[in-house]
Amino acid sequence: MDVIVMAGGLAQRMGLGEKACIMLYDKPLISYVIEALSGSGKIDGIHAAVTKATPKTKQFLLDNYPEIDVIDTDKGNYVQDMVHAVRSLNTKEPVMIVMCDLPLLEPAIIDDIISVYEQHEEPALSTYVPIAVCKRSGLRPDTVFHKNGKLIVPTGINILDAEDIDHEQPDYNYILEDGRLAMNVNTPEDLELCRQIMKEKGKGTSGENSGSPVPAERRTDPKRFQASSGFVFRSGYDCPENKALFLF
Numbered sequence: 007m008d009v010i011v012m013a014g015g016l017a018q019r020m021g022l023g024e025k026a027c028i029m030l031y032d033k034p035l036i037s038y039v040i041e042a043l044s045g046s047g048k049i050d051g052i053h054a055a056v057t058k059a060t061p062k063t064k065q066f067l068l069d070n071y072p073e074i075d076v077i078d079t080d081k082g083n084y085v086q087d088m089v090h091a092v093r094s095l096n097t098k099e100p101v102m103i104v105m106c107d108l109p110l111l112e113p114a115i116i117d118d119i120i121s122v123y124e125q126h127e128e129p130a131l132s133t134y135v136p137i138a139v140c141k142r143s144g145l146r147p148d149t150v151f152h153k154n155g156k157l158i159v160p161t162g163i164n165i166l167d168a169e170d171i172d173h174e175q176p177d178y179n180y181i182l183e184d185g186r187l188a189m190n191v192n193t194p195e196d197l198e199l200c201r202q203i204m205k206e207k208g209k210g211t212s213g214e215n216s217g218s219p220v221p222a223e224r225r226t227d228p229k230r231f232q233a234s235s236g237f238v239f240r241s242g243y244d245c246p247e248n249k250a251l252f253l254f
């Protein structure tokens, strides 16, 4: 399966310029993601979507990862950029979409997600962690979905059917009890927490289960439902069933 790393945004809340280039110890955030994807046995090709707002990211990728296909996208917003990037692959196969700010990502997590996708009939898959995982880590997520009586947080990893990329796709919702997937870097506090976690595990490592399959007991296998449910804005946890809750 091919994967697109979305790397066209700025770290606006951090005031640090291009998010993909934020340094965490001795390398930028995007390098941790690329290394995890490169170590996966189920990833065939890695692509990175950049925009005019991220010229340093583009140059960094060209200089350090010549094997990665860099895609220029400037279509107005994240979804339009993602659709353009998928179209540019000229494939009818499923494509994984990954955010560039997941420094604790591991090859085993990627393999597990793709394996779960292959076991289900839905054309798409989205991944979440329960909000309790975020709370245990001291994280306050931006977006929370209320589905099937659960409060869940999107991780920034999805699989889509490239052949039908212009339409909403029924998706299988895969919920994992894995704090590494909750650790996307949006604030200075997130970055510092990431440093602390990596320091505890050894600089440059990202978790006790590195290289190991995601244990079955850490998964939640919910009933299937459509991802195309409507969404509303809320400022608290009073979110109706099957709606998206955006926290600020």
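The working numbering numbers the first residue of the sequence shown as 7 and each following residue consecutively.
Using N, Cα and C, we set each Cβ at its ideal position, and we do this for glycine too.
Between the segment 99-113 and the segment 45-52 there are three or more C-beta pairs closer than 8 Å, enough to call the two in contact. Pairwise C-beta distances place the segment 110-128 out of contact with the segment 54-74, as fewer than three of them are shorter than 8 Å.
Look at tyrosine 178 here: in three-state DSSP terms it is strand. By the criterion of at least three beta-carbon pairs nearer than 8 Å, the segment 161-179 is not in contact with the segment 191-210. The residue among Ile119, Arg186, Lys33 and Tyr178 with its C-alpha nearest the C-alpha of serine 143 is Arg186.
Ranked by how close their Cα comes to the Cα of arginine 146, the residues Leu108, Gln65 and Asn190 have Asn190 in first place.
Between the beta-carbon of valine 122 and that of leucine 131 there is about 7 Å, and that keeps the pair under the 8 Å contact cut. Taking C-beta atoms as the reference points, valine 159 and alanine 188 count as a pair closer than 8 Å.
For the pair serine 44 and glycine 155, the Cα-to-Cα distance works out to about 36 Å.
With a minimum length of 3 residues, the unbroken runs of beta strand (DSSP E) contained wholly in the segment 125-198 fall at 130-136, 149-153, 156-167 and 177-182.
For proline 100, the enclosing beta strand (DSSP E) has its first and last residue at 100-105. Of all alpha-carbon atoms in Asn83, Ile163, Gly14 and Thr60, the one lying nearest the alpha-carbon of aspartate 8 is that of Ile163. Restricting attention to Arg93, Asn179, Thr60 and Thr97, the CA atom closest to the CA of cysteine 106 is found in Thr60. A distance of 8 Å or more separates the beta carbons of valine 39 and leucine 95.
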